[in-house]
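Trainee: The structure's right below; bear with me while I get my questions together.
Protein chains: 2
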Amino acid sequence: MEIKDLGEDGLIQHIKKAAGMENERVIAGIGDDAAVIKKKGGGCLLAALDMLIEDIHFTANTPFFDIGHKAIGVNLSDIAAMGGTPEYAFTSIGVRDGMSVEDIGRLYEGLLSHAGEYGVSLLGGDTNRSPRGFVIDICVLGQVGEKDLCLRSGARAGDSIFVTGALGKSALALKKSLYAPVTPRVKEAKALLEITKPSSMIDISDGLAKDLRRLCESSGTGAEISREKIPAAEGASFEEAFSAGEDFELLFTAPASENAKLLSSFSLKTGIQLSLIGKMTEGNLGIFIRDKNNKKTPLEGGYDHFTR
Amino acid sequence: MEIKDLGEDGLIQHIKKAAGMENERVIAGIGDDAAVIKKKGGGCLLAALDMLIEDIHFTANTPFFDIGHKAIGVNLSDIAAMGGTPEYAFTSIGVRDGMSVEDIGRLYEGLLSHAGEYGVSLLGGDTNRSPRGFVIDICVLGQVGEKDLCLRSGARAGDSIFVTGALGKSALALKKSLYAPVTPRVKEAKALLEITKPSSMIDISDGLAKDLRRLCESSGTGAEISREKIPAAEGASFEEAFSAGEDFELLFTAPASENAKLLSSFSLKTGIQLSLIGKMTEGNLGIFIRDKNNKKTPLEGGYDHFTR
Chain D
230 MEIKDLGEDG
240 LIQHIKKAAG
250 MENERVIAGI
260 GDDAAVIKKK
270 GGGCLLAALD
280 MLIEDIHFTA
290 NTPFFDIGHK
300 AIGVNLSDIA
310 AMGGTPEYAF
320 TSIGVRDGMS
330 VEDIGRLYEG
340 LLSHAGEYGV
350 SLLGGDTNRS
360 PRGFVIDICV
370 LGQVGEKDLC
380 LRSGARAGDS
390 IFVTGALGKS
400 ALALKKSLYA
410 PVTPRVKEAK
420 ALLEITKPSS
430 MIDISDGLAK
440 DLRRLCESSG
450 TGAEISREKI
460 PAAEGASFEE
470 AFSAGEDFEL
480 LFTAPASENA
490 KLLSSFSLKT
500 GIQLSLIGKM
510 TEGNLGIFIR
520 DKNNKKTPLE
530 GGYDHFTR
Chain Z
230 MEIKDLGEDG
240 LIQHIKKAAG
250 MENERVIAGI
260 GDDAAVIKKK
270 GGGCLLAALD
280 MLIEDIHFTA
290 NTPFFDIGHK
300 AIGVNLSDIA
310 AMGGTPEYAF
320 TSIGVRDGMS
330 VEDIGRLYEG
340 LLSHAGEYGV
350 SLLGGDTNRS
360 PRGFVIDICV
370 LGQVGEKDLC
380 LRSGARAGDS
390 IFVTGALGKS
400 ALALKKSLYA
410 PVTPRVKEAK
420 ALLEITKPSS
430 MIDISDGLAK
440 DLRRLCESSG
450 TGAEISREKI
460 PAAEGASFEE
470 AFSAGEDFEL
480 LFTAPASENA
490 KLLSSFSLKT
500 GIQLSLIGKM
510 TEGNLGIFIR
520 DKNNKKTPLE
530 GGYDHFTR
């Protein structure tokens with residue numbers, strides 16, 4: 230069977246099954262935004278790993294500053310989605326022939342400026358030659374207190390579904406061949422935890438549609454969301470807001486009893502809008518989107534690295 | 230300036246300078262085999278990261294089992310070189326078009342069998358499409374007690390230089406297009422620490438010549454080694470034993486007062502040969518190799534990913 234027939238989530242499930250290792254200190258491994266390891270002294274170590282590949286995540290024309298900025302940003306976003314604080318970064322790069330020392334300088338400028346903004350130290354990694362296209366893989370380590378740890382798997386039927394910010398910004402930028410800077414919601418996740426503990430959380434890296442499905446699958450729930458509640462960025466179509474990837478906003482759930490507190494406090498604290506887009510349902514009910522005429526459609530969409 | 234003019238170590242120095250971040254909990258960052266972070270509860274966290282790229286580290290014909298086995302092995306070797314115990318692994322893969330689910334299965338078989346041998350749990354990572362060639366990057370986390378931590382930087386003039394095992398095995402296998410399985414010297418490093426604490430240590434990934442230079446540069450020493458003391462594997466030429474990469478033996482130094490103890494105990498404990506190949510000298514004396522006629526030649530050689 231070819232991987233494209235399996236799709237990205239199918240492949241991850243396949244690997245998860247193959248790995249099949251148990252370790253009592255591991256709270257979350259394959260299949261969450263970051264791995265979670267209980268520390269002996271208390272609290273949890275978080276580890277996120279993300280690879281960017283030429284002609285998949287950027288082109289030969291993308292400025293190296295932007296590649297560096299994005300490569301670390303997507304990892305910071307993973308740590309944010311766990312409720313954590315990023316601390317250390319490691320980079321592996323495959324340098325294509327003809328790249329200049331100045332290119333590397335700009336790559337690290339983008340990487341380090343973003344790391345510095347979040348108090349993250351770059352500690353090392355690996356440098357290689359890559360015969361066909363530039364590749365960068367970044368590992369970010371962070372930490373989170375056990376009581377603040379947000380997994381994908383904690384949502385319950387009846388919980389409200391929230392999304393931060395506006396969606397489709399990255400898709401709009403892409404149409405103009407621009408880079409929409411990744412803004413990891415590290416501070417926003419912290420502010421959220423001061424208001425209430427989400428029952429589940431994920432960052433929207435592959436589109437609301439797909440990442441909502443992931444929350445539901447991990448939590449064993451269904452979901453029902455309202456089409457007109459989805460916060461589209463100015464100029465973005467519904468499809469762009471709903472299915473396009475790389476917005477890196479937070480998608481989370483919380484008991485409905487927390488709705489009022491969240492809606493009144495979150496935007497005040499952070500300056501970022503918060504939208505209540507629907508609710509989790511029982512797992513056997515599936516995932517539906519309801520339009521303004523109250524018509525329910527099963528959920529589809531989202532970005533898959535392999536099947537598209 | 231192009232990267233090939235700078236070379237691999239030049240590039241690492243360039244990145245190190247660009248990073249320029251200080252963190253009081255970081256004992257070693259860019260430029261050792263693994264990064265070392267002091268844990269709050271005592272001991273140190275180790276993090277190694279190594280990327281393998283198609284047509285650089287393997288070819289389209291290399292069995293996927295071997296790629297997986299090697300990709301984790303080189304990281305386990307990095308942890309061994311710090312005197313540490315590997316614990317967790319994370320993998321990022323870029324999957325080339327046309328790869329099958331069976332290919333991924335064999336990759337993870339190689340990876341997991343090797344991880345399992347060393348008690349390492351695979352915890353997650355990232356999966357991507359790669360349009361031109363397979364790429365895998367692995368991060369291994371481990372730990373080491375502060376008193377057992379071996380850096381590249383601790384050698385002093387007068388210290389003896391030792392190497393474990395036989396060199397040139399990987400070069401011999403390469404000539405037959407075979408994979409010489411990476412055997413990370415994790416147990417051997419532990420046995421060594423029971424005998425004495427090395428003053429500096431590195432794993433031989435890019436050839437004895439180059440990795441000895443790295444030890445000397447990190448420690449601020451020169452070195453003098455004897456050509457006929459270099460332990461060439463059966464059938465390997467001097468050049469293969471001295472300069473070829475990927476043997477993953479340990480190269481370490483210890484005060485000369487420990488020579489007798491090391492030479493009498495190490496092989497008994499491990500079943501692996503130990504060779505005393507020379508001694509560290511003052512830093513301003515440079516690095517020399519002495520032949521059987523007592524002729525001294527300045528050291529050259531080793532594998533550079535960029536200039537070769």
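These protein sequence lines map, in sequence, to chains D and Z.
Numbering of the first sequence is given in the numbering used here, commencing with residue 230 and proceeding in unit increments.
Numbering of the second sequence is given in the numbering used here, commencing with residue 230 and proceeding in unit increments.
We put the beta carbon where it would ideally sit given N, CA and C, even for glycine.
1) Output needed for D/A470: all residues of its chain with C-beta closer than 6 Å, excluding positions within five of it in sequence on either side, in chain order.
2) Any residues in the stretch 347–360 of chain D with a beta carbon nearer than 7 Å to a beta carbon of chain Z? Which ones, in chain order?
3) With 8 Å set as the bound, which would you pick, yes or no: does the beta-carbon of Z/A264 sit closer than that to a beta-carbon of chain D?
4) Considering just the uninterrupted stretch of the alpha helix (DSSP H) at Z/Y337, what are its terminal residues?
5) Are D/T356 and Z/L275 touching if we call contact CB-CB under 8 Å?
6) Once DSSP output is grouped into helix, strand and coil, what is the label at D/C379?
7) For Z/V392, which of Z/L444, Z/S382 and Z/E316 has the nearest alpha-carbon?
8) Are Z/R358 and D/I259 closer than 8 Å when you measure CB to CB?
9) Of all the residues that make up the stretch 315–334 of chain D, which are near chain Z by a beta-carbon distance shorter than 9 Å?
10) So which of Z/A289, Z/V364, Z/A489 and Z/V330 has the shortest CA-CA distance to D/H243?
11) Return the residue from the list Z/L352, Z/K524 and Z/H343 that minimises the CA-CA distance to D/V255.
12) D/K376: buried (16+ other C-beta within 10 angstroms of its C-beta) or exposed?
13) Starting from the Cα of D/D326, find the closest Cα among D/G362, D/I506, D/T314 and D/G345 and give me that residue.
14) Do you know how far the Cα of D/N290 is from the Cα of D/K233?
15) Is D/V411 close to chain Z, meaning its C-beta is less than 8 Å from at least one C-beta of that chain?
16) Compute the distance between the beta-carbons of Z/S486 and D/L278, then report whether it is under 8 Å.
17) Can you tell me which of the three DSSP states Z/R537 falls into?
18) Would you mind giving the Cβ-Cβ distance between Z/A264 and D/F319, rounded to the nearest angstrom? I have them listed as a contact below 8 Å.
19) Could you list the residues in the stretch 428–444 of chain D with a C-beta less than 8 Å from some C-beta on chain Z, going in chain order?
20) Under a CB-based cut-off of 8 Å, is Z/E237 close to chain D?
21) May I ask you to list, following chain order, the residues of the stretch 265–280 of chain Z that have a beta carbon less than 9 Å from some beta carbon of chain D?
22) Contact criterion: CB-CB distance below 8 Å. Does Z/E201 meet it with respect to chain D?
23) When the Cα atoms are used, what is the spatial distance from Z/T482 to Z/K405?
24) Once the 5 residues before and after D/L422 are set aside, which same chain residues still bring their CB inside 7 Å of it?
25) Any Cβ of chain Z within less than 8 Å of the Cβ of D/D366?
26) Kindly list, in the order they appear in chain Z, the residues whose Cβ is closer than 9 Å to that of D/H207.
Mentor: Answer, in terms of the structure:
1) In the first sequence, the residue the question calls residue 470 of chain D occupies position 241. Answer for D/A470: L396, G397, I459 and A461, listed in chain order.
2) S350, L351, L352, G353, G354, D355, T356, N357, R358, S359 and P360
3) Taking the first residue of the second sequence as position 1, residue 264 of chain Z is located at position 35. For Z/A264, the answer is yes, since a Cβ of chain D falls inside 8 Å of its Cβ.
4) Mapped onto the second sequence, residue 337 of chain Z falls at position 108. V330 to E346 is the span of the alpha helix (DSSP H), which, as asked, contains Z/Y337.
5) Taking the first sequence and counting its residues from 1, one reaches residue 356 of chain D at position 127. Taking the second sequence and counting its residues from 1, one reaches residue 275 of chain Z at position 46. No.
6) Translated into the one-based positions of the first sequence, residue 379 of chain D becomes position 150. Coil at D/C379, not helix or strand.
7) Taking the second sequence and counting its residues from 1, the one referred to as residue 392 of chain Z is at position 163. That would be Z/L444, whose Cα lies nearest to the Cα of Z/V392.
8) As a position in the second sequence, residue 358 of chain Z is number 129, starting the count at 1. As a position in the first sequence, residue 259 of chain D is number 30, starting the count at 1. No, the pair does not count as a contact, with Cβ atoms beyond the cut-off.
9) E316, Y317, F319, T320, S321, I322, G323, V324, D326, G327, M328, S329, V330, E331, D332, I333 and G334
10) Residue 243 of chain D sits at position 14 when you count from the first residue of the first sequence. Of the candidates Z/A289, Z/V364, Z/A489 and Z/V330, the one whose C-alpha sits nearest the C-alpha of D/H243 is Z/V330.
11) The count along the first sequence starts at 1 and reaches residue 255 of chain D at position 26. Selected option, being the one with the closest Cα: Z/L352.
12) Here residue 376 of chain D corresponds to residue number 147 of the first sequence, with the count starting at 1. Flag for D/K376 reads exposed.
13) Walking along the first sequence from the start, residue 326 of chain D turns up at place 97. Among D/G362, D/I506, D/T314 and D/G345, the Cα nearest to that of D/D326 belongs to D/G362.
14) Residue mapping note: residue 233 of chain D aligns to position 4 of the first sequence, counting from 1. Residue mapping note: residue 290 of chain D aligns to position 61 of the first sequence, counting from 1. Cα to Cα, D/K233 sits roughly 27 Å from D/N290.
15) If you number the first sequence from 1, residue 411 of chain D lands on position 182. Answer no: the Cβ-Cβ gap between D/V411 and chain Z never drops below 8 Å.
16) Taking the first residue of the second sequence as 1, we reach residue 486 of chain Z at position 257. Taking the first residue of the first sequence as 1, we reach residue 278 of chain D at position 49. Cβ distance not < 8 Å, so Z/S486 and D/L278 don't count as in contact.
17) Translated into positions along the second sequence, residue 537 of chain Z becomes position 308. Reliability of the predicted coordinates at Z/R537 is poor, the pLDDT of 47 falling under 50, and no value is obtained from them.
18) Taking the second sequence and counting its residues from 1, one reaches residue 264 of chain Z at position 35. Taking the first sequence and counting its residues from 1, one reaches residue 319 of chain D at position 90. Contact holds; Cβ gap of about 6 Å.
19) none
20) Looking up residue 237 of chain Z in the second sequence gives position 8. Output row for Z/E237: interface = yes.
21) V265, I266, K268, K269, G270, G271, G272, L274, A276, A277, L278, D279 and M280
22) Limits of chain Z in this structure are 230 at one end and 537 at the other, which puts residue 201 of chain Z out of reach.
23) Position 253 of the second sequence, counting from 1, holds the residue named residue 482 of chain Z. Position 176 of the second sequence, counting from 1, holds the residue named residue 405 of chain Z. In a straight line, the C-alpha of Z/T482 is about 33 Å away from that of Z/K405.
24) The residue you call residue 422 of chain D lines up with position 193 of the first sequence. Around D/L422: G312 and D377.
25) The sequence position of residue 366 of chain D within the first sequence is 137, counting from 1. It does; some Cβ of chain Z falls within 8 Å.
26) The requested residue 207 of chain D does not occur in the structure, where chain D is confined to residues 230 to 537.
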